[in-house]
Amino acid sequence: EAGVTQFPSHSVIEKGQTVTLRCDPISGHDNLYWYRRVMGKEIKFLLHFVKESKQDESGMPNNRFLAERTGGTYSTLKVQPAELEDSGVYFCASSQARGPTIQYFGAGTRLSVL
Amino acid sequence: GIQVEQSPPDLILQEGANSTLRCNFSDSVNNLQWFHQNPWGQLINLFYIPSGTKQNGRLSATTVATERYSLLYISSSQTTDSGVYFCAVGVSNDYKLSFGAGTTVTVRA
């Protein structure tokens, strides 16, 4: 069974450009999460989807970030326009059941904004 | 929100040594996971352990939920155990995980 897959593994862009990150959860997992770790900080929650609906987006830093999960399968996280402080590692995770359960993480996308 | 503190922040071990990593949290939790971040940046699930004790090979973990801490034991450490170990917790009615700052483990041959 394939794990959580994220694309690209690394992205280097200039300030002001747009970047789109993609996450494919484990098949059958309705819950999908985005987290990020910016330089020197802890891994922080961004948002949570249940199928195609945003359950909790309290961690989204500002309106330059837009997450979608069309059809309740894969998800994208777009940063537009990117700023220097957006650099870091963006992780996606998925879980099967509602309620407290194990979350499986992808390998992350390392975003470098120059 | 819930506070998660991991100690020590850094740990240097000689191959074959044993070690204990600690995770303290400030509130009752119903989800607790230990991860190992390998040199390629991947977060590898080690344990899902909101309470009790589990063992997997040379690794074991214990969570004492009533006292709000969890311990990760590494026995007979190997160089492949190097990396950052994260503890992450979730609280009732909240799906998101809150992470500690991690413990960086370096195992020397």
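Chains as they are written, first to last, in the working numbering: chain R, 1128 to 1241; chain W, 5 to 113.
Positions of the beta carbon are idealized from the N, C-alpha and C atoms, including for glycine.
Just so we're clear, the structure is a prediction, and the values are computed from it rather than from any experiment.
Residues of the region 1220-1237 of chain R whose Cβ lies closer than 9 Å to any Cβ of chain W, in chain order: Residues passing the 9 Å Cβ filter: A1220, S1222, R1225, G1226, P1227, T1228, I1229, Q1230, Y1231, F1232, G1233, A1234, G1235, R1237.
Based on DSSP bridge pairs, tell me the residues matched to D1183/R. Residue pairing by DSSP places D1183/R opposite H1175/R in a beta bridge.
Within the same chain, show all residues whose beta-carbon is closer than 8 Å to that of G3/W, passing over the 5 residues directly before and after it, in chain order. With chain W covering only 5 through 113, there is no way to say anything about residue 3/W.
To which residues of the same chain is G1130/R closer than 8 Å at the C-beta, ignoring the five residues directly before and after it? Cβ within range, chain order: I1153, Y1231, G1233.
Rounded to a whole number of angstroms, what is the C-alpha to C-alpha distance between Y99/W and S86/W? In a straight line, the C-alpha of Y99/W is about 29 Å away from that of S86/W.
Who are the Cβ neighbours of P40/W in its own chain at under 7 Å, not counting the five residues just before and after it? Checking the displayed sequence, the identity of residue 40/W turns out to be His instead of Pro. Taking C-beta separations shorter than 7 Å and ignoring five residues to either side along the sequence, the partners of H40/W in its chain run I48, L50, G87, Y89, following chain order.
Rounded to whole angstroms, what is the Cα-Cα separation between R1164/R and Y1217/R? Going by C-alpha positions, R1164/R is about 6 Å away from Y1217/R.
Counting only C-beta atoms, is Q1144/R closer than 8 Å to chain W at any point? So no, Q1144/R is outside the interface.
At a cut of 8 Å, does the region 22-31 of chain W reach the region 1204-1222 of chain R through at least three beta carbon pairs? Short answer: they don't touch.
Tell me whether the beta-carbon of T1316/R lies closer than 8 Å to the beta-carbon of P1135/R. The structure shown does not extend to residue 1316/R, since chain R is modelled only from 1128 through 1241, so no value can be given for it.
Could you tell me the alpha carbon to alpha carbon distance between V33/W and Y1160/R, rounded to whole angstroms? Roughly 19 Å separates the two Cα atoms.
Does any C-beta atom of chain R lie closer than 8 Å to the C-beta of W44/W? Interface with chain R (8 Å Cβ-Cβ cutoff): W44/W is included.
If you run the structure through DSSP and keep just helix, strand and coil, what is L1211/R? In this structure, L1211/R counts as helix in the three-state DSSP scheme.
L36/W and S74/W closer than 8 Å at C-beta: A contact, by the Cβ cut-off of 8 Å.
Determine whether the beta carbon atoms of I16/W and W38/W lie at a separation below 8 Å. Taking 8 Å as the Cβ cut-off, I16/W and W38/W do not qualify as a contacting pair.
On the DSSP bridge list, what partners appear for H1137/R? The beta-bridge partner set that DSSP reports for H1137/R consists of R1237/R.
Determine which residues share a DSSP beta bridge with D1151/R and list them. Beta-bridge pairing links D1151/R to T1132/R.
For E1195/R, the three-state DSSP class (helix, strand or coil): The answer is strand: DSSP assigns E1195/R an E or B state.
Under 9 Å Cβ-Cβ, which residues of chain W neighbour D1244/R? Chain R is shown from 1128 up to 1241; residue 1244/R falls before or after that span and cannot be answered.
Of all the CB atoms in chain W, is at least one closer than 8 Å to the CB of H1156/R? Output row for H1156/R: interface = no.
The beta strand (DSSP E) that contains K100/W, what's its start and end? That residue, K100/W, is in no beta strand (DSSP E); it is neither H nor E in DSSP.
Using a Cβ-Cβ cut-off of 6 Å (strictly less than) and excluding sequence neighbours within five positions of L76/W, which residues of its own chain qualify? L25, W38, A65.
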